[in-house]
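Note that the UniProt record's numbering numbers the sequence shown so that position 73 is 73, with each residue one more than the last.
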Amino acid sequence: MITVSEKAGEYIKDLMVKENHAPGTFVRVGVKGGGCSGLEYVLKFESSEHQEGDQTFEDKGVKIVVQMKSLLYLYGTELDYSDGLNGKGLYFNNPNATRTCSCGESFAV
């Protein structure tokens, strides 16, 4: 399961309105090879059809879709939002990550 914090949920819903995303748009999260630590997070808005192997979660009014192969690395992750001095934006609280880079965009398990 992937969850969304209250702050992240509000931010995502506001962003979808500001960017005029169509009804039915969802957040696709995933993992790909790369980054400083070996694996890199992927996050994008999509309104296309689901793909084979997709898993769907909904939390705080946000629909999240993830491929099963990425879910192995992301299970239990919370999508959060920070507006602090060290950076503004969405980030992943991933309990499976054994190492992360300083920018928070890549990790290792």
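All residues carry an ideal CB built from backbone N, CA and C; glycine is no exception.
Closest Cα partner of residue i within the set the options
| i | options | result |
| --- | --- | --- |
| TYR11 | ASN94, PRO95, THR100, LEU90 | LEU90 |
| VAL27 | LYS69, HIS50, LEU72 | HIS50 |
| MET68 | GLU6, GLU52, GLY24 | GLU52 |
| THR100 | GLY84, TYR81, GLU40 | GLU40 |
| ASN20 | ASP83, PHE57, SER47 | SER47 |
| GLY9 | ASN96, GLY38, ASP59 | ASP59 |
| THR98 | MET1, GLY38, LYS32 | GLY38 |
Contact belief for residue i with residue j at Cβ below 8 Å, rounded distance in angstroms
| i | j | result |
| --- | --- | --- |
| VAL66 | LEU74 | 6 Å |
| VAL62 | VAL4 | 5 Å |
Alpha-carbon to alpha-carbon, residue j and residue i
| i | j | result |
| --- | --- | --- |
| LYS88 | LYS7 | 12 Å |
| GLY34 | GLY24 | 30 Å |
| LYS44 | LEU15 | 12 Å |
| PRO95 | VAL17 | 30 Å |
| ASP83 | LYS13 | 16 Å |
| MET1 | ALA22 | 25 Å |
| LYS32 | TYR81 | 21 Å |
Contacting residues, own chain, Cβ-Cβ under 8 Å from residue i (five flanking each side not counted)
| i | result |
| --- | --- |
| GLN55 | VAL65, VAL66, GLN67, MET68, LEU71 |
Cut-off 7 Å between Cβ atoms - residues of its own chain near residue i, not counting five sequence neighbours on either side
| i | result |
| --- | --- |
| PHE92 | TYR41, THR77, LEU79 |
| PHE57 | MET1, ILE2, ILE64 |
| GLY30 | VAL42, VAL66, GLN67, SER70 |
What ranges does the beta strand (DSSP E) occupy inside the UniProt domain "Core" (2-105), keeping only unbroken runs of at least 3 residues that lie completely in it? 26-33, 39-46, 54-59, 62-67, 78-84, 87-93
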